[in-house]
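So the number in this note's numbering is just where the residue sits in the sequence shown, counting from 1, plus 62.
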Amino acid sequence: MRDFPSCFGENGVQVADASCSSVGSSKISQNSVTSIYKCKLIAKTCLISIVWGKNLMGQCLSVEIGDVSNNSICKVDVRSSLFSKKKGSKFFEVNSGRIEVFWDLSLAKFGSGLEPLEGYYVAVVCKGEMVLVIGDMRKEAFHKTGAKFSLSGATFISKREHIYGKRVFGTKAQFCDNGQIHDLRIECDTNLSDDPCLLVRVDAKTVMQIKHLKWKFRGNHTILVDGLPVEVFWDVHNWFFGQSLGNAVFMFQTSFICGEVVD
């Protein structure tokens, strides 16, 4: 099985290692999807990391809040093969402020991916204001928490995925906060060809093809998505010259914010 970590981010999001670990965590040894949001909590810039995972024990959800130095402030883990604790909440007292995490997965429907398709919400509330809510049950989240809408809510920063697979990796990617969601597909077969190539498709359209991959195992290339530039970085060195189960890293980095190019 090949190891397919990948990252999708905006404006200088860095990949520290091939595991694409979440805030304050070590390398992830399971299939996982991590979405990271930036926000202000108790007069402090923080990162909210929401991780959906799956391993031999089943599915799991983790919500972690940390500072920009990767120091964990608080964390909630929901781990169960059937999400037996399908709804709940947990609160933390931090610097004389109250942070609350709510979740409801009782109606959640999952497809082939790790994230729910519908019927769920995960919410973070601070001092009675809704800092972050994800999922399609926003109305239910506000009703349950009693929180007020926050004008300075969380901003989507990046999405990271760590997948064990073979020659094809597919996911959905949002390259801008509140932007269009695209189908993204990475194809690479290093076993059946003497001269393997790397293909990247967006919405079934081939946007990048790298031939002679054994000689070009690291690199970057600019593609256009919705008419705007997205830089693609890849490192597949370990697939050819590492262990038999070597990993690879792919990063998609934008240089714009909601359609405005950043100089």
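Cβ atoms here follow ideal geometry from the backbone N, Cα and C, with glycine treated the same way. The structure displayed is predicted, hence computed values, not measured ones.
Proximity below 8 Å, CB of residue i to CB of residue j
i	j	result
residue 178	residue 185	no
residue 288	residue 242	yes
residue 298	residue 314	no
residue 215	residue 101	yes
residue 303	residue 252	no
residue 183	residue 200	yes
Residue interval of the alpha helix (DSSP H) (run including residue i)
i	result
residue 206	200-207
residue 303	299-303
Beta-carbon contacts of residue i that lie in its chain and below 6 Å, excluding the five residues immediately before and after
i	result
residue 137	126
residue 95	114, 176, 177, 223
Residues that DSSP places opposite residue i in a beta bridge
i	result
residue 115	94, 122
residue 182	DSSP output for residue 182 lists no bridge partner at all.
residue 271	261
residue 250	260
residue 127	110, 136
residue 245	234
residue 103	106
Beta-carbon contacts of residue i that lie in its chain and below 7 Å, excluding the five residues immediately before and after
i	result
residue 291	284, 317
residue 157	104
Run of the beta strand (DSSP E) containing residue i, from where it starts to where it stops
i	result
residue 165	159-166
residue 227	217-227
residue 150	149-156
Three-state secondary structure assigned by DSSP to residue i
i	result
residue 277	coil
residue 132	coil
residue 196	strand
residue 72	In this prediction, residue 72 has a pLDDT of 44, which is less than 50 and means its spatial position is unreliable; nothing more can be read from the coordinates.
residue 176	coil
residue 189	coil
residue 290	strand
Close beta carbons around residue i, own chain, < 8 Å, minus the five adjacent residues each side
i	result
residue 210	190, 191, 192
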